[in-house]
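A.B. asks: First residue of the sequence shown: 550, per my numbering; consecutive thereafter.
By construction, the Cβ of each residue, glycine as well, lies at the ideal position given by its N, Cα and C atoms.
Supplied in structure tokens, the structure appears directly below.
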Amino acid sequence: MKNVDLIKNYIPIADFIAKVNGEKCEVILHDLSDLEHSIIYILNSHISGRQVGGSITKYALDLVMKHDDAKQDHYVNYIGKNEKSGKLMRSSTLFIRNEAKETIGLLCVNIDITDVVKLRDELNSLIRFNLEQYEDKPTEPERFDLSIDEIVTEIVDSVLLDSNVNVLNTTQTERKDLVYKMHNRGVFKFKGAVNHVSSRLDVSPQTLYRYIKEFDSK
Numbered sequence: 550m551k552n553v554d555l556i557k558n559y560i561p562i563a564d565f566i567a568k569v570n571g572e573k574c575e576v577i578l579h580d581l582s583d584l585e586h587s588i589i590y591i592l593n594s595h596i597s598g599r600q601v602g603g604s605i606t607k608y609a610l611d612l613v614m615k616h617d618d619a620k621q622d623h624y625v626n627y628i629g630k631n632e633k634s635g636k637l638m639r640s641s642t643l644f645i646r647n648e649a650k651e652t653i654g655l656l657c658v659n660i661d662i663t664d665v666v667k668l669r670d671e672l673n674s675l676i677r678f679n680l681e682q683y684e685d686k687p688t689e690p691e692r693f694d695l696s697i698d699e700i701v702t703e704i705v706d707s708v709l710l711d712s713n714v715n716v717l718n719t720t721q722t723e724r725k726d727l728v729y730k731m732h733n734r735g736v737f738k739f740k741g742a743v744n745h746v747s748s749r750l751d752v753s754p755q756t757l758y759r760y761i762k763e764f765d766s767k
């Protein structure tokens, strides 16, 4: 069975999840063969504002890159956010794998909890308890409103920040290591990323392609 057909087998499950949870539940199917146009099916798209043909998020890409080992089937109940609309979501992702255990798609569920969170905050203000001291520190939310260029920029910025280096003063070996880290974050799966990284690291596109080929062969 072709990978895309295997992913489409999850459409009835997506319909079921959306109908069970109602209009505040968005369900999305991603085909990872084309990250820039990965969304092939979506229900209740008013929640995140995305449409069929839209791209994967940076957060979802990170999940795929970190858990593409068939050891973890899903990742549930993390925070999703649309900065433009201000909506908050409780998000979960199921990895869709083929017979070779390759991650080929994602089934994502985003439940709009904006009104519930507002109600919680109002209740907290009324009872005047400092509940924040008992809550876990929030993790970085999944962003649904970033363009492809913004996703690439965020990944590159994150690698440079974590590495704590001054690009202008790095050696060839250090720059290759930065490229390796960006490669592991999946940045080069996006068209145009090579040119972006080339300008940021002052490394020629030809050199980057040689590095990428070397990393892929490992």
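Quick one, are the C-beta atoms of Tyr559 and Leu675 less than 8 Å apart?
C.D. replies: Counting from one through the sequence shown, the residue named residue 559 turns up at place 10. Counting from one through the sequence shown, the residue named residue 675 turns up at place 126. Not in contact: Tyr559 and Leu675 (Cβ atoms no closer than 8 Å).
A.B. asks: Take every Cβ of the stretch 665–674, pair it with every Cβ of the stretch 728–735, and state whether three or more of those distances are shorter than 8 Å.
C.D. replies: No, they do not touch.
A.B. asks: Helix, strand or coil, according to DSSP, for Tyr683 in the structure here?
C.D. replies: Stepping through the sequence shown from its first residue, residue 683 is reached at position 134. In this prediction, Tyr683 has a pLDDT of 48, which is less than 50 and means its spatial position is unreliable; nothing more can be read from the coordinates.
A.B. asks: What does the Cβ neighbour count give for Leu710, buried or exposed, with the cut at 16 atoms within 10 Å?
C.D. replies: Numbered from its first residue, the sequence shown carries residue 710 at position 161. Leu710 is exposed by the Cβ-count criterion.
A.B. asks: Work out the CA separation of Glu723 and Ser712 for me, nearest whole Å.
C.D. replies: Working through the sequence shown from its first residue, we reach residue 712 at position 163. Working through the sequence shown from its first residue, we reach residue 723 at position 174. So the alpha carbons of these two residues sit roughly 10 Å apart.
A.B. asks: So Ser641 and Val613 are in contact, right, with Cβ under 8 Å, and what is the actual spacing, rounded?
C.D. replies: On the sequence shown, residue 641 is found 92 positions in, with the first residue counted as 1. On the sequence shown, residue 613 is found 64 positions in, with the first residue counted as 1. Ser641 to Val613, Cβ: 14 Å. No contact.
A.B. asks: How should Val672 be labelled, buried or exposed, when 16 other C-beta atoms within 10 angstroms of its C-beta is the threshold for buried?
C.D. replies: Stepping through the sequence shown from its first residue, residue 672 is reached at position 123. The sequence given here places Leu at residue 672; Val does not occur at that position. The residue is exposed, with fewer than 16 neighbouring Cβ atoms inside 10 Å.
A.B. asks: How would you label Ile554, buried or exposed, when you count the other beta carbons within 10 angstroms and need 16 or more for buried?
C.D. replies: Taking the first residue of the sequence shown as position 1, residue 554 is located at position 5. The residue you asked about is not Ile; residue 554 is Asp in the sequence shown. It counts as exposed.
A.B. asks: Measuring straight from C-alpha to C-alpha, what distance separates His579 and Ser587?
C.D. replies: In the sequence shown, counting from the first residue as 1, residue 579 sits at position 30. In the sequence shown, counting from the first residue as 1, residue 587 sits at position 38. Near 5 Å, if we compare the C-alpha coordinates of Ser587 and His579.
A.B. asks: Express the C-alpha separation of Lys636 and Ser700 in angstroms, rounding to a whole number.
C.D. replies: One-based indexing of the sequence shown puts residue 700 at position 151. One-based indexing of the sequence shown puts residue 636 at position 87. According to the sequence as given, residue 700 is Ile; it is not Ser. Spanning the two alpha carbons is a distance of roughly 19 Å.
A.B. asks: Thinking C-alpha only, which one of Thr719, Glu691, His616 and Ser696 is nearest Lys740?
C.D. replies: Residue mapping note: residue 740 aligns to position 191 of the sequence shown, counting from 1. Minimum Cα distance to Lys740 is reached at Ser696.
A.B. asks: Distance check for Asp751 and Asp706, CA to CA, integer angstroms please.
C.D. replies: Here residue 706 refers to the residue found at position 157 of the sequence shown. Here residue 751 refers to the residue found at position 202 of the sequence shown. So the two alpha carbons sit approximately 15 Å from each other.
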